[in-house]
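Counting in full-length UniProt numbering, the sequence shown runs from 1 upward without gaps.
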Amino acid sequence: MSQNTIKGQNSESSEEFHNTWLFSEESFLSKCPSRKQMTLQQDLKVRELIYDFLLKLGSKLKLDGRTILAATIYINRFYMRTPITTSKYFVACAAISISCKLHDTYRPSDKIALTACMLKNPGKQIDQHSSVFWQWRDQLLYREELMLKLLNFELNVELPYDFCEELMAGKDETSENGFYSKLPDILKNAVSKVELASSLPVLVAFESRTLFGTMLVLTVFEAQSKFDTLDSLYLPKEYLETQLRVSVNECYLCYKYLMRLRSACEDPKLPSHKPFVTKIGKISKEDFYRIADGADKAVRSIVSDEETQEGEVLDLLDDI
Numbered sequence: 001m002s003q004n005t006i007k008g009q010n011s012e013s014s015e016e017f018h019n020t021w022l023f024s025e026e027s028f029l030s031k032c033p034s035r036k037q038m039t040l041q042q043d044l045k046v047r048e049l050i051y052d053f054l055l056k057l058g059s060k061l062k063l064d065g066r067t068i069l070a071a072t073i074y075i076n077r078f079y080m081r082t083p084i085t086t087s088k089y090f091v092a093c094a095a096i097s098i099s100c101k102l103h104d105t106y107r108p109s110d111k112i113a114l115t116a117c118m119l120k121n122p123g124k125q126i127d128q129h130s131s132v133f134w135q136w137r138d139q140l141l142y143r144e145e146l147m148l149k150l151l152n153f154e155l156n157v158e159l160p161y162d163f164c165e166e167l168m169a170g171k172d173e174t175s176e177n178g179f180y181s182k183l184p185d186i187l188k189n190a191v192s193k194v195e196l197a198s199s200l201p202v203l204v205a206f207e208s209r210t211l212f213g214t215m216l217v218l219t220v221f222e223a224q225s226k227f228d229t230l231d232s233l234y235l236p237k238e239y240l241e242t243q244l245r246v247s248v249n250e251c252y253l254c255y256k257y258l259m260r261l262r263s264a265c266e267d268p269k270l271p272s273h274k275p276f277v278t279k280i281g282k283i284s285k286e287d288f289y290r291i292a293d294g295a296d297k298a299v300r301s302i303v304s305d306e307e308t309q310e311g312e313v314l315d316l317l318d319d320i
């Protein structure tokens, strides 16, 4: 399907974004169509492998974070409708192709297919005359049509890069709050966390703004320790509600859900395990709300796994 066709099908969106692709947490945890004959742990592991392939493919194609993140969201939406099968890497290629057409990073289907099959067959000499290339190209085109139909051509996604532009535009240059002096670094770190968390099916349960707000809280929590020489560095009062238009309670629920997914796939062999654990740390409920509410010089107590097991912080997996 052509680039103009997809853009035309997707041009009916209103100025105010409305996400019709949100499901309850239990819709994924208990009865997701993606798990025809898989456990939850197996499902999450396969999604991690798809995500790792997507990152490598995006890197080879020199795509930006916006295009890759949107493709990741399309894949997670797609697998809320259909089982994950051996065609998963073809689906990843289709998602990349669709995202490229929508985000002004167009790459020809032939180039995507050739790059992908070379990634999956590193020891083979492959060109556009190879049978394996034609298999990938045909599958990409077929999966692209299938994905568009299953997603009902609802391809609009709200991405954190846009939030950052809004937040930078609203920066208070007169404030002595260290949050504003470090705002570019804080936003960049929060976006990085969102990209990493997207390997899990979080953005089919929560809005992108909610996940970004969650990661902003975690980033500020870490920054208060890292930039200890500053007189103060804290999230401004009601910043999440007024600037991001998200609920603090919803952000905390998002954090708990993310931790629940993480606990179900804590396999050290998974590509994202180490960066996930490093970049997305644990935080107590008390500290989360203190940071989110804009408390100055909050108690810094990044929670270790051992402390969690000993019950010294809130059980992050309850009441979901």
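By construction, the Cβ of each residue, glycine as well, lies at the ideal position given by its N, Cα and C atoms.
Answer yes or no: do residue i and residue j have a C-beta to C-beta separation smaller than 8 Å?
i, j, result
"residue 255", "residue 214", "yes"
"residue 109", "residue 143", "no"
"residue 169", "residue 240", "no"
"residue 177", "residue 232", "yes"
"residue 116", "residue 100", "no"
"residue 210", "residue 164", "no"
"residue 50", "residue 193", "no"
"residue 98", "residue 148", "yes"
"residue 122", "residue 82", "no"
"residue 128", "residue 114", "yes"
"residue 63", "residue 105", "yes"
"residue 112", "residue 96", "yes"
"residue 261", "residue 212", "no"
Please report how far the alpha carbon of residue i lies from the alpha carbon of residue j, in whole angstroms.
i, j, result
"residue 69", "residue 154", "16 Å"
"residue 140", "residue 172", "47 Å"
"residue 20", "residue 77", "10 Å"
"residue 43", "residue 132", "27 Å"
"residue 286", "residue 220", "15 Å"
"residue 216", "residue 160", "11 Å"
"residue 135", "residue 265", "32 Å"
"residue 288", "residue 218", "8 Å"
"residue 234", "residue 158", "26 Å"
"residue 66", "residue 249", "27 Å"
"residue 189", "residue 130", "42 Å"
"residue 297", "residue 224", "At residue 297, the pLDDT of 47 sits below 50, so the modelled position is not reliable and the matter cannot be decided from this model."
"residue 46", "residue 79", "11 Å"
"residue 238", "residue 290", "11 Å"
"residue 85", "residue 294", "46 Å"
"residue 246", "residue 124", "50 Å"
"residue 151", "residue 145", "10 Å"
"residue 182", "residue 236", "13 Å"
"residue 31", "residue 91", "21 Å"
"residue 184", "residue 242", "19 Å"
"residue 41", "residue 284", "25 Å"
"residue 103", "residue 24", "28 Å"
"residue 52", "residue 107", "20 Å"
"residue 89", "residue 48", "12 Å"
"residue 162", "residue 22", "20 Å"
"residue 187", "residue 222", "13 Å"
"residue 26", "residue 87", "26 Å"
What is the residue span of the alpha helix (DSSP H) that residue i lies within?
i, result
"residue 22", "Per DSSP, residue 22 belongs to no alpha helix (DSSP H) and is neither H nor E."
"residue 87", "Neither: residue 87 is in no alpha helix (DSSP H) and is coded neither H nor E."
"residue 75", "65 to 78"
"residue 62", "It is not in any alpha helix (DSSP H) - residue 62 carries neither H nor E in the DSSP assignment."
"residue 184", "183 to 197"
"residue 286", "285 to 292"
"residue 104", "Note, residue 104: premise wrong, no alpha helix (DSSP H); not H, not E."
"residue 217", "208 to 226"
"residue 114", "109 to 120"
Beta carbon of residue i: closer than 7 Å to some heavy atom of the ligand SAH?
i, result
"residue 100", "In terms of ligand content, the structure shown is empty, and the ligand SAH therefore cannot be addressed."
I'd like to know if the region 198 to 209 and the region 66 to 86 are in contact, where contact means that at least 3 CB-CB pairs between them fall below 8 Å. With three or more CB-CB distances shorter than 8 Å, the region 198 to 209 counts as touching the region 66 to 86.
For the region 22 to 38 and the region 56 to 65, state whether three or more C-beta atom pairs, one from each stretch, are separated by less than 8 Å. Taking 8 Å as the limit for Cβ pairs, the verdict is that the region 56 to 65 does not touch the region 22 to 38.
Would you list, in sequence order, the uninterrupted alpha helix (DSSP H) runs of no fewer than 4 residues that lie entirely inside the region 126 to 172? Within the region 126 to 172, the complete alpha helix (DSSP H) segments at least 4 residues long are 131 to 150 and 160 to 169, listed from N- to C-terminus.
Extract the residue ranges of the alpha helix (DSSP H) inside the region 239 to 266, only unbroken runs of 4 or more that lie entirely within it. For the region 239 to 266, the continuous alpha helix (DSSP H) assignments of 4+ residues that do not extend past its boundaries occur at 248 to 264, in sequence order.
Are there three or more Cβ pairs, one per stretch, closer than 8 Å when the region 201 to 211 is compared with the region 256 to 266? These segments touch.
Of all the beta strand (DSSP E) runs that stay within the bounds of the region 25 to 52, which reach a length of 3 or more residues? Runs of the beta strand (DSSP E) inside the region 25 to 52: none found.
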